[in-house]
Each structure stands twice: as C-alpha cells, then as structure tokens.
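Heads up, my numbering is the position in the sequence shown plus 37, with the first residue counted as 1. The structure under discussion appears below in the form of structure tokens.
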Amino acid sequence: MTGSGSTAAPLELRQVRKSFDDVAAIDGVDLKLDPGEILALVGPSGCGKSTLLRSVAGLVPLDSGEIFLEGELVEDGRVRRPPEARSTGLVFQDHALFPHLTVEDNVAFGIRNSGDGHRTSRVDKMLRLVGLAGHRNRFPHELSGGERQRVALARALAPDPAIMLFDEPFASLDYNLRTQLRLDVVSALSETGTAAVFVTHDQREALSLGARIAVMQRGKVIQLGTPEAVFHRPVTDFVGAFMGTASFLRVGVDDQGQSFTALGPVELGPLDPAKANALVRPDDVEFVPDGNGSAEIVHSDYTGTHWLVSARLGSGEDVKFLTSHLDNLKVGERGNLAMVEGHCQVVTERSVGVT
Ligand code: ATP
38 MTGSGSTAAP LELRQVRKSF DDVAAIDGVD LKLDPGEILA LVGPSGCGKS TLLRSVAGLV
98 PLDSGEIFLE GELVEDGRVR RPPEARSTGL VFQDHALFPH LTVEDNVAFG IRNSGDGHRT
158 SRVDKMLRLV GLAGHRNRFP HELSGGERQR VALARALAPD PAIMLFDEPF ASLDYNLRTQ
218 LRLDVVSALS ETGTAAVFVT HDQREALSLG ARIAVMQRGK VIQLGTPEAV FHRPVTDFVG
278 AFMGTASFLR VGVDDQGQSF TALGPVELGP LDPAKANALV RPDDVEFVPD GNGSAEIVHS
338 DYTGTHWLVS ARLGSGEDVK FLTSHLDNLK VGERGNLAMV EGHCQVVTER SVGVT
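Structural data, given as structure tokens:
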C-alpha cells in the first residue's frame with residue numbers, strides 16, 4: 038500500500054513523449070511502480086531524467102502519452118491537472134525552503150488547509166521521522182545542508198503524496214553525509230509506505246537505493262530491472278559501462294560454432310557476434326604473474342582499498358581487474374589473466390559510440 042493507503046500503482050506512465058525543438062527529451066516511456074516501490078532513474082547528462090520527473094509533477098506539459106497517479110489520470114492529450122492538483126512530493130537538490138518560515142512552518146506549509154489538530158500531529162510525526170523534532174523553531178539559515186534536506190523531505194511527505202519525486206537530492210552534500218541521508222530517506226519512505234522516483238547520475242547511489250533501476254539514454258528507458266540485473270546482466274554495453282567499471286571484449290565463433298573471447302568461451306545467445314561484446318567487471322578476472330604470460334600491465338590506479346589495474350592481452354584488448362592495496366604490480370609486468378571461478382563473461386549488444 039502507498040502512504041495514502043491505496044493499492045493502485047502510485048505512478049504509471051504510458052507512451053510519454055516530450056520534445057524541445059528537435060530534441061526528444063522523453064521518447065515513448067512506459068513505467069509502472071508498485072505501491073511503496075523506490076525506483077532509481079539514471080542516465081548520462083541530458084538523457085531526459087529531470088524532464089521525466091518534472092512532467093510527472095506537472096511542471097512540464099507532455100506532447101503525448103498518459104500519466105496516472107494512484108490509478109487516476111492526471112494528464113493525457115485532453116486532461117492536464119496543474120502541479121498543485123497532483124499528489125506528488127518534490128525534493129530538489131537546492132532545498133527550496135521558505136527562508137522566512139521556521140522548520141515547523143515549512144513542514145506545515147503543504148497541509149496549511151487541514152484542521153489544526155491534524156496539522157499539528159502530522160508536523161510532529163514528520164519532524165520525528167526525519168530526526169528534527171528538536172529543531173522545529175529554527176529558520177533554514179540556522180540549519181546545515183543535510184538538515185535542510187531533511188526539512189524538505191518532511192515538508193514534501195507531510196501531505197501524504199501518492200509518490201515522492203527526488204531530483205539529485207544529495208548532490209550538494211559530501212560523501213559521508215549523502216550516504217547517511219540516503220539511508221535515512223529510504224527508512225522514512227519505508228516507514229510511511231511511500232513510493233518514490235530518485236533521479237541520480239551516481240551509479241553507486243542508484244544501486245543501493247532502488248528496488249528497481251531504470252536506465253535512460255536519449256529519452257528512452259533502455260533497461261528496467263533490479264540492481265543485480267542492470268549491473269550484472271546489462272542489455273547493451275552502454276548500460277554495462279554506465280553502471281560501473283567494465284571491460285569489453287570482441288566475440289568470435291570457432292569452426293565448431295562455439296563463441297569465445299580472449300578470456301575463453303562465452304554464451305552468445307541469439308546475438309550476432311559482430312554486434313556483440315562480452316563484458317567483464319574488475320572483480321571477474323584475476324592476474325597470475327608470469328614473466329612469459331600473454332598479458333602485460335599497462336596502467337594502475339590506486340583506489341584506497343584496491344588497485345584498479347589494466348592489463349593488455351595478446352589480442353590487443355585491455356582488461357581491468359582489482360588487486361589488493363598490498364599488491365605492487367608494476368607497469369610492464371607480465372602474467373596471465375583468467376576468469377575467477379564462478380564468474381562469467383556477459384554478452385551484451387554493442388551500441389554505437391560507447392565502448
Ligand atoms: P542532467 O543529468 O544533466 O540534469 P537530464 O538527464 O536530467 O540531465 P534533462 O534536463 O531532462 O536531462 O534534458 C533532456 C534534454 O532536453 C536535454 O537535451 C536538454 O537540453 C533539453 N531540455 C530540457 N529542458 C529544456 C527546456 N526547457 N528547453 C529546451 N530544451 C530543454
């Protein structure tokens with residue numbers, strides 16, 4: 038059930054389209070969220086994430102398509118409910134609190150027309166939920182960036198919206214604070230049973246946030262799936278590369294019809310080898326030093342916990358792998374690369390201009 042108790046899909050989009058001049062910012066998107074579900078919407082800059090979110094909120098009129106909130110049509114070619122008549126809660130990167138109102142009054146703003154008793158108890162509940170009950174009389178300028186985002190969350194949640202829409206809400210915060218705030222926001226959403234869409238271009242954030250992830254490219258949702266599916270079974274090399282560090286290898290087919298790469302056999306499935314790549318993640322491969330080995334170290338990056346090392350195979354292709362921060366592999370060192378037991382190469386469709 039959603040925060041408002043409905044069992045209908047909190048949000049459904051059908052063939053939603055929006056162009057700006059000749060740019061198709063949203064190009065035929067279908068999407069349906071389950072009650073209480075958190076969806077992370079990711080993709081490179083300019084792929085249409087914010088436009089999609091803003092169109093759900095009613096801030097950007099669609100060219101065509103339908104938007105439903107909790108089963109109710111809020112926009113199609115004929116109907117177009119204004120933002121204030123849509124049950125959405127918005128949280129943006131820049132907090133957008135009212136500077137002249139206290140924390141308490143900011144949170145009460147969206148429910149100012151409800152009765153005093155309900156309003157007071159709802160504000161109390163929201164402030165407790167975001168851990169700011171002790172700050173109710175402060176003004177926004179007396180809060181840290183993280184606290185201001187908590188107030189923005191409480192304010193948006195107070196009217197019990199069908200869906201919460203977050204546009205890069207943690208982008209201005211430092212790494213530790215954004216990690217903590219992300220956990221707190223997810224816990225507040227699960228406590229209220231509220232579904233949410235998070236726009237982010239931080240892949241790690243998307244992997245830890247979403248029950249599902251939608252990956253957008255040029256206005257289209259290219260893949261919609263669980264974090265595991267999107268990370269480990271990307272449908273195209275674009276998705277694979279976007280979701281995290283990856284190496285891609287050419288796929289060949291031998292006389293017996295077995296497909297392979299420089300790291301061994303692969304399952305090609307229905308794909309044409311000329312239009313396929315095999316993806317390996319850095320944790321999928323291991324390097325065994327050997328002065329006569331077929332691979333040569335060409336680069337290494339220190340990450341703190343590990344070295345991220347690139348080795349060039351005899352085929353001329355580079356493969357990235359991880360070694361312990363205690364290892365000290367030097368550029369020019371030789372060895373052999375092999376798949377880690379239990380890991381496999383994943384064949385993806387090759388997309389233009391990505392790898
Ligand atoms: P970012 O991650 O950089 O915020 P995004 O994925 O959110 O990008 P959008 O802001 O939705 O992308 O933009 C999608 C496309 O639509 C871009 O090409 C952008 O230039 C264009 N666009 C967005 N809003 C407008 C507008 N009001 N007028 C004209 N073009 C626009």
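Cβ coordinates follow ideal geometry from the N, Cα and C atoms, glycine included. In this text, all values refer to a predicted model and were calculated from it rather than measured experimentally.
- Apart from sequence neighbours up to five positions away, the residues of its chain that approach ARG371 with a beta-carbon distance below 6 Å are GLY328, GLY330, GLU333, ordered along the chain.
- Counted as a single uninterrupted DSSP element, the alpha helix (DSSP H) harbouring PHE275 occupies residues 274-280.
- Annotation: ARG349 to THR88 spans about 41 Å, alpha carbon to alpha carbon.
- Not one heavy atom of the ligand ATP lies closer than 7 Å to the C-beta of ALA94.
- For PHE235, the Cβ stays outside the 7 Å cut-off from all heavy atoms of the ligand ATP.
- With 16 or more other CB atoms across the displayed protein chains lying within 10 angstroms of its CB, PHE105 is buried.
- Your pair PRO264 and GLY247 checks out as a contact, with CB atoms roughly 6 Å apart and the cut at 8 Å.
- The alpha-carbon of GLY289 is positioned some 11 Å away from that of LEU300.
- Listed by position along the chain, the residues with Cβ atoms less than 6 Å from a non-hydrogen atom of the ligand ATP are PHE57, VAL60, ALA62, GLY80, SER82, GLY83, CYS84, GLY85, LYS86, SER87, THR88, HIS238.
- Classified as buried, GLY85 has 16 or more neighbouring CB atoms from the shown chains inside 10 Å of its CB.
- Annotation: ALA45 is outside any beta strand (DSSP E) and is labelled neither H nor E by DSSP.
- Along the length of the segment 58-107, whole alpha helix (DSSP H) runs at least 4 residues long occupy 86-94, reported in chain order.
- The shortest C-alpha to C-alpha distance from GLY379 to any of GLU121, ASP320, ALA199 is the one to ASP320.
- Taking a 10 Å sphere around the C-beta of GLU304, we find fewer than 16 other C-beta atoms and assign the residue as exposed.
- The beta carbons of LEU374 and LEU359 sit no closer together than 8 Å.
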